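Undergrad: Counting from 1 along the sequence shown, just add 815 to a position and that's the residue number in the numbering used here.
The beta carbon of each residue, even a glycine, is placed where N, CA and C say it ideally should be.
Since the structure is predicted, the reported quantities are computational estimates derived from the model, not experimental observations.
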Amino acid sequence: MREPKVRPTSIDGLFEVSLMVNRDNRGSFREVYQAEKFAALGLPDLGPVQWNVAEIEDRGTLRGFHAEPWDKFVHMIA
816 MREPKVRPTS IDGLFEVSLM VNRDNRGSFR EVYQAEKFAA LGLPDLGPVQ WNVAEIEDRG
876 TLRGFHAEPW DKFVHMIA
């Protein structure tokens, strides 16, 4: 996955971050935040380790559920 692009703005401490959106026949996926990548870019730690967004094209489809041993926050939008 391509690294995020960071551009400073005229406001001190505010950055524009461009993210790669990956699309396929199921919908789209983007990695909004990944702590290690953001730290390497000199950006502050936001707390979570990783934040992803998956958008699904077909109603009734689940995507992205894995059995890792850590907590997950899942937000469904209909």
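Decide yes or no for the touch test of the region 846–857 against the region 871–889: beta carbon pairs closer than 8 Å, at least 3 of them.
TA: No, they do not touch.
Undergrad: Return the Cβ separation of Phe-830 and Leu-858 in integer angstroms, given the expectation that the two are a contact with Cβ distance under 8 Å.
TA: The pair is a contact, with the Cβ atoms about 7 Å apart (cut-off 8 Å).
Undergrad: Leaving aside the five residues before and after Phe-844 along the sequence, list all residues of the same chain whose C-beta is less than 6 Å from its C-beta, in chain order.
TA: Correct list, in chain order: Asn-837, Ala-869.
Undergrad: So, are the CB atoms of Arg-841 and Glu-872 less than 8 Å apart?
TA: Taking 8 Å as the Cβ cut-off, Arg-841 and Glu-872 qualify as a contacting pair.
Undergrad: Hey, how far is the Cα of Asn-867 from the Cα of Ala-855?
TA: Asn-867 and Ala-855: Cα-Cα distance of roughly 18 Å.
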